[in-house]
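First residue of the sequence shown: 808, per this note's numbering; consecutive thereafter. Heads up, the beta-carbon is just placed ideally off N, CA and C, and yes, glycines get one too. Note that the structure is a prediction, hence the values are computed from the model and not measured. What follows is one structure encoded as structure tokens, with my remarks underneath.
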Amino acid sequence: MASLDRMFVSSSNVHMRHRSNKRFVLFIIVFLIIFWSLFHLHAFFTSEIQINYGNRLTCTTRSGISTSFVSYYGLINAIIPIISMSLFGIETLRNISKAHAQIGQRSLDKRLIILLIIQISLYIFLRLPMSTYLIYSQTTKYMIKSSNQTLIEQFVYFIVIFCQFVQVNLSPLMNLISKSFRLELKRTFYRVIHQEHQIHRSLVQTRNGNTIQIQEMMTRQNNTLDKHQLVVRNA
808 MASLDRMFVS SSNVHMRHRS NKRFVLFIIV FLIIFWSLFH LHAFFTSEIQ INYGNRLTCT
868 TRSGISTSFV SYYGLINAII PIISMSLFGI ETLRNISKAH AQIGQRSLDK RLIILLIIQI
928 SLYIFLRLPM STYLIYSQTT KYMIKSSNQT LIEQFVYFIV IFCQFVQVNL SPLMNLISKS
988 FRLELKRTFY RVIHQEHQIH RSLVQTRNGN TIQIQEMMTR QNNTLDKHQL VVRNA
């Protein structure tokens, strides 16, 4: 999505640039959430809990069509984002190269190229191991394996799962490379802190004002009581 948005923003076409707005982003987010939620519904019907090594419970995919589907899905899930990110990145660089040269444009292009290279490289390095492992497990599922080989495969599986989680967590942090994003993030934090400070100040002023009003009311009541006592004594 970030690569697609960068392509829209850098486009010289007015209609393409207008697509880079909050409404379009929200539409894409909702569409992707619904699509991937429906796409992963098979996990509720194709997963099962097995007991390994006597007392260890593991969640696995049922053998047969479900295992093949998960394996090929892992490969497709890794290849399609790589291709789309590469195509959108190349198109973004082409749009920037077509733009008129401006002051600081070269440094901006350099940062953008570095950002694209890092994003694609990290995705390939951290995502492809899972797809490779799924293909390997699919091709060797009918082979007779020793206990040592099974343990090695489980160890490799935990490593590739860890790499996949790292890739998911690193994706949002990649935006910190952008200087404009860091500046906007700082402005947002300063704005929130300033608003909280103003709210706290107004609450303190309100409390002080209420305290003064209460003190004035108590003073008036005391004066009234004193006057009443004087009247009673004189009577």
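| So, using beta-carbon positions, are T939 and V967 closer together than 9 Å? | Sequence index remark: in the sequence shown, residue 939 carries index 132 (1-based). Sequence index remark: in the sequence shown, residue 967 carries index 160 (1-based). A contact, by the Cβ cut-off of 9 Å.
| query | On the three-state DSSP scale, how would you describe S827? | reply | If you number the sequence shown from 1, residue 827 lands on position 20. S827: coil per DSSP, three-state reduction.
| query | For I856, which of helix, strand or coil comes out of DSSP? | reply | Residue mapping note: residue 856 aligns to position 49 of the sequence shown, counting from 1. Strand, per DSSP.
| said: Looking at the strands, I want to know which residues DSSP matches up with T867. | reply: Residue mapping note: residue 867 aligns to position 60 of the sequence shown, counting from 1. The partner list for T867 (beta bridge, DSSP) reads E855.
| task | Assign M950 to one of two classes, buried (16 or more other C-beta atoms within 10 Å of its C-beta) or exposed (fewer than that). | result | Walking along the sequence shown from the start, residue 950 turns up at place 143. Exposed: under 16 other Cβ atoms inside 10 Å.
| Whose CA, out of Q926, V963, S875, F962, lies closest to the CA of S891? | In the sequence shown, counting from the first residue as 1, residue 891 sits at position 84. The option with the nearest alpha carbon to S891 is Q926.
| request: To the nearest angstrom, report how far apart M814 and L922 are at their CA atoms. | output: Here residue 814 is taken as the residue at index 7 of the sequence shown, counted from 1. Here residue 922 is taken as the residue at index 115 of the sequence shown, counted from 1. Approximately 14 Å, taken between the alpha carbons.
| task | Rank R826, Q945, L933, L833 by C-alpha distance to the C-alpha of E960 and give the top, closest one. | result | For the purposes of this step, residue 960 is taken as residue 153 along the sequence shown, with counting starting at 1. Residue Q945 is the option with its Cα nearest to E960.
| message | Quick check on DSSP: helix, strand or coil for V1038? | response | Translated into positions along the sequence shown, residue 1038 becomes position 231. Legend: pLDDT at V1038 = 47, less than 50; position of this residue unreliable, value from coordinates given subsequently. In the structure shown, V1038 adopts helical secondary structure according to DSSP, grouped into three states.
| Residues near L882 by beta carbon distance below 8 Å, same chain, minus five either side | By one-based count along the sequence shown, residue 882 stands at place 75. Closer than 8 Å at Cβ, skipping near neighbours: S938, L941, I942.
| said: Is it buried or exposed, A885, if we count other Cβ atoms within 10 angstroms and call 16 or more buried? | reply: Position 78 of the sequence shown, counted from the start, is the residue given in the question as residue 885. A885 is classed as buried because its beta carbon has at least 16 other beta carbons within 10 Å across all chains shown.
| I951 - DSSP class collapsed to helix/strand/coil | Here residue 951 corresponds to residue number 144 of the sequence shown, with the count starting at 1. Note: I951 maps to coil in three-state DSSP.
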